[in-house]
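Residue numbers (this note's numbering), protein chains in the order written: chain A, 1 to 359; chain B, 1 to 359. Every residue, glycine too, gets a C-beta built ideally from N, C-alpha and C. This structure is a prediction, so every number in the text was calculated from the model and none was measured. Remarks on the structure that follows.
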């Protein structure tokens with residue numbers, strides 16, 4: 001019950017261990033087509049360029065930045081936690097300038113500040129923000145931010161690592177352009193893969209680049225030839241075959257339950273956990289309206305040594321919860337209710353263990 | 001029996017499916033220390049900076065190039081197959097110039113040409129070459145090339161994707177500097193990870209860079225803080241936990257058998273396969289002295305439709321062999337005897353299936 005990796009679904013483990021076959025085997029290619037369709041469902045998109053990056057969320061993040069950003073560009077980056085800072089690093093390593101819109105950790109991205117930045121920087125072509133900040137448990141208004149960016153002729157890069165599968169991520173309806181997520185949060189797959197999707201406008205932008213993409217491994221012009229629709233696939237790199245079996249299964253599990261049911265389950269479990277935590281004296285960092293059900297960032301009751309209790313929980317109860325990052329280190333816990341972990345037995349177990357430890 | 005992924009060892013599958021725990025869990029961190037020591041054994045090195053990149057071999061390749069090469073640099077790249085070409089792409093995407101030393105596909109890298117290039121280009125600081133070309137089954141003289149580079153004050157970047165675990169790769173003895181491999185060839189782990197190791201001289205070079213590494217995900221200055229020795233590890237990205245369980249187990253299997261025994265087994269199986277193939281009219285592309293036991297690149301007996309027979313093998317006999325790449329497409333097969341796949345039953349099965357098909 002940390003901030004990810006979450007518990008892996010038993011059926012995902014089962015799929016993971018299937019015999020490794022070639023990455024160009026017709027049977028495997030057929031499965032990749034299914035993975036693509038299932039990922040489109042998860043992202044609620046018809047985007048043709050929807051695929052799984054062969055690396056963790058940070059490789060997915062880098063895929064978005066190195067393909068959409070060119071040397072000399074200006075990019076608005078909204079930062080309200082750890083991962084906005086990582087976006088800034090990505091922009092700068094592309095030889096571009098990051099124009100930062102800063103908000104306090106635990107607060108959502110402020111649309112008015114973003115609008116002001118867009119007006120003040122007419123050269124900007126890309127706006128980047130984190131939908132669900134894993135470092136604080138806050139949800140920003142992705143729909144509002146995407147509409148605002150579009151109104152100023154900008155594309156968006158959106159981090160949905162912690163949101164996908166836990167709360168609505170409506171790529172087409174909200175008009176998101178380059179979106180990445182992670183396998184190990186609300187999708188409850190093993191860690192190490194990053195689902196991504198790119199709007200037709202993003203693809204057009206990539207095709208019209210002036211400079212070659214600085215990463216060969218993540219160059220979508222090349223990767224597309226392997227993941228691209230039904231026709232002959234050309235070899236780019238050896239796909240992580242077994243991890244993709246697992247990804248396929250975790251997306252099947254998601255589709256079987258249905259997105260709405262999955263979102264509802266996360267919310268229900270969150271409300272139960274919240275009630276129990278508040279009864280024990282924990283206080284939420286984030287305001288109700290922007291709170292992520294899948295990531296409960298809470299201040300501990302006063303006078304407690306958070307690291308010591310966290311260690312006890314891990315050692316005595318075999319229960320992982322996350323500590324705070326940055327300025328919040330030593331101050332908050334981050335309790336995950338992600339994917340398969342968002343279940344009654346986990347909520348009960350966690351509250352019971354805490355009750356015993358704190359009484 | 002293609003050019004990789006190879007058959008995965010049963011114990012590796014078993015390890016792969018173990019419960020996912022946190023990437024900062026003390027138990028996991030302990031396992032990472034073991035993975036590091038086991039990887040040092042596989043590479044025959046004492047290099048402190050020895051680790052597993054969270055992506056396939058091409059991510060390992062990119063890790064070496066983006067960390068060692070800076071904009072404006074000149075790099076000698078030896079090309080005698082597909083992967084030398086990929087190295088050139090990597091150099092250029094770092095904003096550097098690749099000075100190419102070209103050899104025919106199927107021939108080893110010519111040391112005299114490399115020496116001439118080193119003499120003609122005194123500004124060069126890095127020499128890159130492929131130890132075992134997966135596209136042709138040829139072995140180049142890694143020891144000779146490393147000594148030559150060193151004599152001219154250059155560091156080496158060496159691709160050992162197909163060699164590690166199949167033939168000797170003696171990192172310290174030969175004086176290799178930045179070396180990457182893949183999990184899915186002679187290590188018989190699942191695809192998707194890349195073992196890498198860096199000499200103290202390479203680390204020094206990285207620490208003295210003038211420009212930031214262009215990839216955040218692959219920046220060793222950051223990754224080192226997570227993989228670095230016993231002390232407190234700081235979070236960089238979520239490690240591919242289950243894949244690392246598998247990597248750990250595949251390295252344990254290697255250590256148990258012992259490197260020398262593993263190399264011998266590859267050679268023995270190769271000689272048996274070779275005899276059978278030659279009896280059936282196949283001819284080797286590569287001269288005996290430079291032939292890789294783990295990758296048998298062979299011309300088919302005349303008049304045969306290679307693609308049709310390869311398809312029959314896959315569909316009727318459930319046996320994968322690889323086709324040729326580049327100019328060799330349609331002309332050769334690449335039959336792998338890698339890691340767990342390098343065994344008597346595979347050799348026999350393959351020869352029996354071919355005999356039936358061709359008779």
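**OP:** Look at the Cβ atom of residue 227 (chain B), then the Cβ atom of residue 89 (chain A), and state whether they are nearer than 8 Å.
**Re:** no
**OP:** Below 8 Å on the Cβ atoms is my guess for residue 197 (chain B) versus residue 39 (chain B); work out the distance and round it to an integer in Å.
**Re:** 7 Å
**OP:** Locate the beta strand (DSSP E) running through residue 78 (chain B), then write down its first and last residues.
**Re:** 74-79
Original post:
Are the C-beta of residue 5 (chain B) and some C-beta of chain E separated by less than 8 Å?
Top reply: The structure shown has no chain E; the protein chains it does contain are A and B.
Subject >> First and last residue of the uninterrupted beta strand (DSSP E) at residue 197 (chain A) >> reply: 194-198
Original post:
Which one or two residues does DSSP pair with residue 295 (chain B) in a beta bridge?
Top reply: B:336
Subject >> Three-state secondary structure assigned by DSSP to residue 305 (chain A) >> reply: coil
Subject >> For residue 60 (chain A), the three-state DSSP class (helix, strand or coil) >> reply: helix
Subject >> Neighbouring residues, chain A, relative to residue 386 (chain B) (Cβ below 9 Å) >> reply: The requested residue 386 (chain B) is not part of the displayed model; chain B covers only 1 to 359.
**OP:** Could you name the residues of the same chain whose beta carbon sits closer than 8 Å to that of residue 230 (chain B), not counting the 5 residues immediately before and after it, in chain order?
**Re:** For residue 230 (chain B), the predicted structure reports a pLDDT of 48, less than 50, and the residue's modelled location is therefore unreliable. A value from the coordinates is still provided. So the qualifying residues of the chain are 33.
**OP:** For the beta strand (DSSP E) containing residue 49 (chain A), list its first residue and its last residue.
**Re:** 49-53
**OP:** Kindly indicate if chain B contains any beta-carbon less than 8 Å away from that of residue 72 (chain A).
**Re:** no
Original post:
Secondary structure at residue 265 (chain A), three-state DSSP: helix, strand or coil?
Top reply: helix
Original post:
By DSSP, does residue 354 (chain A) sit in helix, in strand, or in coil?
Top reply: helix
Subject >> Neighbour-count burial assignment, residue 211 (chain B), 16 or more Cβ in a 10 Å radius >> reply: exposed
Subject >> Interface residues of the segment 204-235 of chain B facing chain A [CB-CB below 7 Å] >> reply: 212, 214, 215, 216 and 217
Subject >> Within-8 Å CB hit, residue 13 (chain A) to chain B >> reply: yes
Original post:
Grouping DSSP H, G and I as helix and E and B as strand, with all else coil, what is residue 362 (chain A)?
Top reply: Outside the shown range of chain A (1 to 359) lies residue 362 (chain A), about which nothing can therefore be said.
**OP:** Determine whether the Cβ of residue 56 (chain A) lies closer than 8 Å to any Cβ atom of chain B.
**Re:** yes
**OP:** Verify whether the separation of the beta carbon atoms of residue 338 (chain A) and residue 4 (chain A) is less than 8 Å.
**Re:** yes
Original post:
Buried or exposed: which applies to residue 260 (chain A), given that a residue is buried once 16 or more other Cβ atoms fall within 10 Å of its Cβ?
Top reply: exposed
Subject >> Host alpha helix (DSSP H) of residue 142 (chain A) (start-end) >> reply: 142-151
Original post:
For the beta strand (DSSP E) that residue 155 (chain B) lies in, which residues bound it at each end?
Top reply: 155-159
**OP:** Please work out which residues of its chain come closer than 7 Å, Cβ to Cβ, to residue 209 (chain B), disregarding the five sequence neighbours upstream and downstream, and give them in chain order.
**Re:** 70
Subject >> Extent of the continuous beta strand (DSSP E) to which residue 226 (chain B) belongs >> reply: Not the beta strand (DSSP E): residue 226 (chain B) falls in the alpha helix (DSSP H), residues 220-227.
Subject >> From B:67, B:23, B:27 and B:10, residue whose alpha carbon lies closest to that of residue 213 (chain B) >> reply: B:67
Original post:
When you compare only the Cα positions, how much space is there between residue 134 (chain B) and residue 324 (chain B)?
Top reply: 10 Å
Subject >> Whole-angstrom distance between residue 295 (chain A) and residue 166 (chain A), CA atom to CA atom >> reply: 9 Å
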